[in-house]
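Residue numbers (UniProt numbering), protein chains in the order written: chain A, 1 to 98; chain B, 1 to 544.
Ideal Cβ positions, reconstructed from N, Cα and C, are used throughout, including at glycine.
Note that the structure is predicted; figures quoted are calculated from it, not measured.
Just below is one structure, and these are the notes that go with it.
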Ligand code: SF4
């Protein structure tokens, strides 16, 4: 499945498309379909986000997660600073990137 | 230290206001991201893996305590309470908000700092010897010459759109503490037989995907022509450097493809052409700059004695303290590599403390090193114990300078969007594996350097042991390299063979150090043993 991500323009924070707005939690992401190009164009024009693109993801017990390690780290914060992690709803979140 | 004059200050202040306007226009939708991106990059603002990242220039690695406190303030007020000192003697903040960036730059400008030319295809911040002005082996303080080049290269209209980024290092000692020959231009300030000061020029060095050691371009350029010779090199590069292929655009490729001899011919012809065009600063201007770097008021008649009664202090003293040019003084290095810590990271509180210590013990000065540590260059020997006690209380007294746990590591995949693999956790695991300080000392000088991708910000080519993170079908893999050096015995490390996973690379480090311990002769360092024996015994132990 594909999910849509970007960086919030003002803060630079990593955000995920929820179907109607952007969330900092990847678990809120939804699968995007054929309309993704229109969403990107609209959101870029609205100056909410910059650098929009889709990433491969999978549905797991902990919710939706990107497949590639880079996007996993992007979704949850640096693996070396647990205090700065954006925790997905998974008690083992500290380890699941690795 | 150099103090801005009204021109310097006005340039920086004007740039802050210009950028404030650009950010406002971006947020108001008057310019697109494509239009804005080159403008923010010119001000050191990247969009990284998690947020905007701001790279702040620390010219030739020198900071006073007021500046260090400002770096702490920015980390506290606008970031998440820490910053990362880089291998180019700069500092990076990882969690910057675009809307805050103009205020940050305005705050920096109040202490004569900025982020100009810390990105983009221009002349970047000029690096230097962290022991400048303190080392016994230097012919002069290299920083006035670096400062002259900083002024010349700031906003230089001809060199703002080079084929690729361009990095200078300026040193003035035979011992190279700045990886000088791995820069686009490396300058060694020297004295000729007549006793005159001049510059020995190297050009075409660099790391990245095609590492090269800079060849000698000219043995002696009179100091009064320092700038015009640099300009001649830059002009030849600007004219012939490849703009068709990003990966072949650095000057090292040009020098290599053209051949050093032909390149020198071109530079010399351009140098002749530039003579008489008043490119160099008048002697009075150089003197004005040199006056800013006058020695601090060193005391004479100080005691050379140091009380070594405290054994922990004695270990730190032997490892992290170096000889100073003046009797009664020493150079102390604060390690930013605590066991299990993140190489080069410092919290706001640590930065504040280092500022206080610089003020109290080191004539208000500290230095950032390319090995991601902080140096207090002028400490009275009699004060070393008091200094160490304060560092120890703050967890900043790791006695590991130049040992295996004094690891250079780039931010890697934990922060960097170009990365293939994480660097920091590998550094942490190695530091943990070799945590015993006696074991580290037994291994002696061992420079271990880790990059998270081929761009080599972690200087892996220049490590006695280097590690390069690669992406192998979506998983992190680590190549091992041996035999590099960024010092005066400069050499490029070679890959041992197939890579390892994260735990495997830690084991592999232990394997190669075991080979070294078993095979070393006399006082050989790891790299000396490697050079004597070659790759074979290490390869045999690693792969059987
Ligand atoms: S070496 Fe690669 S991963 Fe490391 S900081 Fe540089 S670009 Fe990023």
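Can you tell me whether residue i is helix, strand or coil according to DSSP?
i, result
"residue 12(B)", "helix"
"residue 418(B)", "coil"
"residue 155(B)", "coil"
"residue 139(B)", "coil"
"residue 34(B)", "helix"
"residue 219(B)", "strand"
"residue 96(A)", "Bear in mind that the predicted position of residue 96(A) carries a pLDDT of just 45, short of 50, making it unreliable; the figure below should be weighed with that in mind. In the structure shown, residue 96(A) sits in coil (DSSP, three-state: anything other than H, G, I, E or B)."
"residue 117(B)", "coil"
"residue 271(B)", "helix"
"residue 1(A)", "coil"
"residue 238(B)", "helix"
"residue 173(B)", "strand"
"residue 23(A)", "strand"
"residue 47(A)", "coil"
"residue 372(B)", "coil"
"residue 102(A)", "Outside the displayed range of chain A (1 to 98) lies residue 102(A), so it cannot be described from this structure."
"residue 258(B)", "helix"
"residue 292(B)", "helix"
"residue 14(A)", "strand"
"residue 199(B)", "strand"
"residue 212(B)", "strand"
"residue 1(B)", "coil"
"residue 207(B)", "coil"
"residue 59(B)", "helix"
"residue 224(B)", "helix"
Counting only the same chain and skipping the five closest in sequence on each side, list residues whose C-beta sits under 8 Å from that of residue i.
i, result
"residue 36(A)", "2, 4, 54"
"residue 443(B)", "403, 404, 434, 513, 516, 517, 526"
"residue 240(B)", "254, 258, 266"
Report the rounded CA-to-CA distance for residue i versus residue j, giving the unit in angstroms.
i, j, result
"residue 72(B)", "residue 347(B)", "7 Å"
"residue 146(B)", "residue 201(B)", "13 Å"
"residue 66(A)", "residue 79(A)", "15 Å"
"residue 545(B)", "residue 64(B)", "Because residue 545(B) is not part of the residues shown, which for chain B are 1 to 544, the question remains open."
"residue 158(B)", "residue 231(B)", "10 Å"
"residue 118(B)", "residue 177(B)", "21 Å"
"residue 510(B)", "residue 15(A)", "41 Å"
"residue 355(B)", "residue 364(B)", "8 Å"
"residue 284(B)", "residue 461(B)", "41 Å"
"residue 81(B)", "residue 394(B)", "16 Å"
"residue 496(B)", "residue 301(B)", "53 Å"
"residue 545(B)", "residue 479(B)", "Because chain B is modelled from 1 through 544, residue 545(B) falls outside the range shown and cannot be assessed."
"residue 93(A)", "residue 26(A)", "Note on residue 93(A): pLDDT 48, under 50, position unreliable in the model; no value is reported."
"residue 325(B)", "residue 490(B)", "25 Å"
"residue 214(B)", "residue 148(B)", "22 Å"
"residue 101(B)", "residue 185(B)", "31 Å"
"residue 224(B)", "residue 292(B)", "18 Å"
"residue 485(B)", "residue 459(B)", "9 Å"
"residue 298(B)", "residue 78(B)", "38 Å"
"residue 85(A)", "residue 52(A)", "22 Å"
Beta-carbon within less than 7 Å of residue i's beta-carbon, same chain only, minus the 5 sequence neighbours each way: which residues are those?
i, result
"residue 192(B)", "198, 220"
"residue 357(B)", "376, 387, 390"
"residue 397(B)", "316, 388, 391"
"residue 455(B)", "208, 418"
"residue 249(B)", "163, 164, 241, 242, 243"
"residue 98(B)", "23, 52"
"residue 161(B)", "121"
"residue 61(B)", "89, 127, 128, 130, 367, 368, 369"
In chain order, what residues of the same chain lie with their CB nearer than 6 Å to the CB of residue i, ignoring the 5 residues before and after it?
i, result
"residue 132(B)", "141, 142, 143"
"residue 84(B)", "92, 344, 345"
"residue 94(B)", "53, 415"
"residue 50(A)", "7, 9"
"residue 43(B)", "19, 115"
"residue 120(B)", "41, 42"
"residue 321(B)", "330, 332"
"residue 13(B)", "109"
"residue 172(B)", "138, 139, 140, 142, 189"
"residue 17(A)", "4"
Compute the minimum distance between the beta carbon of residue i and the heavy atoms of the ligand MG, and state whether it is under 6 Å.
i, result
"residue 399(B)", "Looking at this structure, you won't find the ligand MG anywhere; what it does contain is the ligand SF4."
May I have a chain-ordered list of the beta strand (DSSP E) segments no shorter than 3 residues that lie completely inside the segment 294-370 of chain B? 321-323, 329-334, 345-347, 365-368
Mind listing, in chain order, the continuous alpha helix (DSSP H) runs of no fewer than 4 residues lying wholly within the UniProt domain "Nitrite/sulphite reductase 4Fe-4S" (405-542) of chain B? 424-433, 437-443, 502-519, 526-533
Would you mind listing the alpha helix (DSSP H) stretches within the segment 61-135 of chain B that are 4+ residues and don't spill past its ends, in chain order? 65-78, 101-109
With a threshold of 8 Å, are at least 3 pairs of Cβ atoms found where one atom belongs to the segment 24-35 of chain A and the other to the segment 59-74 of chain A? yes
Pairs of beta-carbons, one from the segment 368-384 of chain B and one from the segment 323-342 of chain B, closer than 8 Å: are there three or more? yes
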